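Notes for the one structure printed next.
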Amino acid sequence: MAVYRFRIVFEDDEDIYRDIDVQGKQNFEVLHRAIQEAIDFDGIKDASFYVSDDMWRKGREIALNPVQHDDDDDDDFRKPKKLPALKMSKTLIASIIDDPHQKFIYVYDPAVKWTLMIELMKIVEDDPKAIYPKCVKKGGIAPKQYKQVIAPPVDDEDEEEDEADKKAREKVFVVDEEYDGEEDALEGEEEDTDVAGASGESEEGGDVADESSDDFAPQFGDGEEEY
Numbered sequence: 005m006a007v008y009r010f011r012i013v014f015e016d017d018e019d020i021y022r023d024i025d026v027q028g029k030q031n032f033e034v035l036h037r038a039i040q041e042a043i044d045f046d047g048i049k050d051a052s053f054y055v056s057d058d059m060w061r062k063g064r065e066i067a068l069n070p071v072q073h074d075d076d077d078d079d080d081f082r083k084p085k086k087l088p089a090l091k092m093s094k095t096l097i098a099s100i101i102d103d104p105h106q107k108f109i110y111v112y113d114p115a116v117k118w119t120l121m122i123e124l125m126k127i128v129e130d131d132p133k134a135i136y137p138k139c140v141k142k143g144g145i146a147p148k149q150y151k152q153v154i155a156p157p158v159d160d161e162d163e164e165e166d167e168a169d170k171k172a173r174e175k176v177f178v179v180d181e182e183y184d185g186e187e188d189a190l191e192g193e194e195e196d197t198d199v200a201g202a203s204g205e206s207e208e209g210g211d212v213a214d215e216s217s218d219d220f221a222p223q224f225g226d227g228e229e230e231y
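Everything in the sequence shown is counted per the working numbering, starting at 5 for the first residue and increasing by one.
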């Protein structure tokens, strides 16, 4: 049985590659799993292979989960008819190879679109003791599948400024509180003064009334009026 050796290269960095041997009788889903393991991705997202020409133009799709073909697309005669996508688990590697340097485009995770270029390097002899597929060569470190978000470090100067602002706010609060206390004390003194003044006036008024009553009272003697 023929064994195909494919080189898988990241589109954005050709220095990162993996060489994988796979038997012609194995299907594209097996190759898909081998690629995921070789680049340390989790393999839980959707993926597709596209048969490619030498110019890296996408041809027929070989999908992990093919989308049902929409017949409405056939109404537009100006568009070339698109062949329905093949299913990875039902498509053998050997059935698609028709070029000594057959090329594929591999797209993983439709949301991010990790894109890898695949090219058939050569056909090697089958090793009865080997377990296929297998990664026979690695070059470069694959990028992380998920970007790590790191919070920016806190500047010590910012912390000092925050502490200074906090102390300033506390100082203002204490000053305001003392000022309110002084105002309350002053208001209390004014109230006492007003009360004292009012009582003094009433007493003086009383004295005046008493004096006037003594001066103008009629004088009587022995029960007779004086003329």
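Note that CB positions come from ideal geometry on N, CA and C, so glycine has one too.
From a predicted model like this one, the values you see are computed outputs, not experimental measurements.
Residue from the options with nearest C-alpha to residue i
i, options, result
"residue 14", "121, 133, 156", "121"
"residue 33", "96, 147, 156", "96"
"residue 146", "10, 117, 105, 42", "42"
"residue 35", "111, 19, 133, 143", "111"
"residue 20", "156, 142, 49", "142"
"residue 88", "54, 109, 18", "54"
"residue 51", "133, 127, 119, 131", "119"
"residue 104", "57, 48, 94", "57"
Span of the alpha helix (DSSP H), counted from its first residue to its last, around residue i
i, result
"residue 34", "32-42"
Cross-strand partners of residue i (DSSP beta bridge)
i, result
"residue 87", "Paired residue(s): none; residue 87 is not in a bridge."
"residue 108", "55, 122"
"residue 71", "None; residue 71 has no bridge partner."
"residue 143", "21"
"residue 10", "24, 124"
"residue 117", "In the DSSP output, where bridge partners are listed per residue, residue 117 has none listed."
"residue 138", "25"
Anticipated Cβ contact below 8 Å, residue i with residue j, distance rounded
i, j, result
"residue 149", "residue 46", "6 Å"
"residue 232", "residue 137", "Nothing about residue 232 can be reported from this structure: the residues present for the chain run from 5 to 231 only."
"residue 38", "residue 139", "7 Å"
"residue 129", "residue 107", "Contact flag wrong, Cβ pair sits at about 23 Å."
"residue 125", "residue 22", "Contact doesn't hold; Cβ gap of about 12 Å is too wide."
"residue 90", "residue 64", "7 Å"
"residue 144", "residue 44", "With 8 Å as the limit, residue 144 and residue 44 do not qualify as a contact, their Cβ atoms being about 12 Å apart."
"residue 113", "residue 49", "4 Å"
Enclosing beta strand (DSSP E) for residue i [first to last residue]
i, result
"residue 17", "17-27"
"residue 63", "62-67"
beta-carbon residue i near the ligand PLP non-hydrogen atom, thresh 7 Å
i, result
"residue 50", "By its list of ligands, the structure shown contains no ligand whatsoever, and the ligand PLP lies outside what it can speak to."
Count the C-beta pairs between the stretch 18-28 and the stretch 56-74 that are closer than 8 Å, then say yes if the count reaches three, no if not.
no
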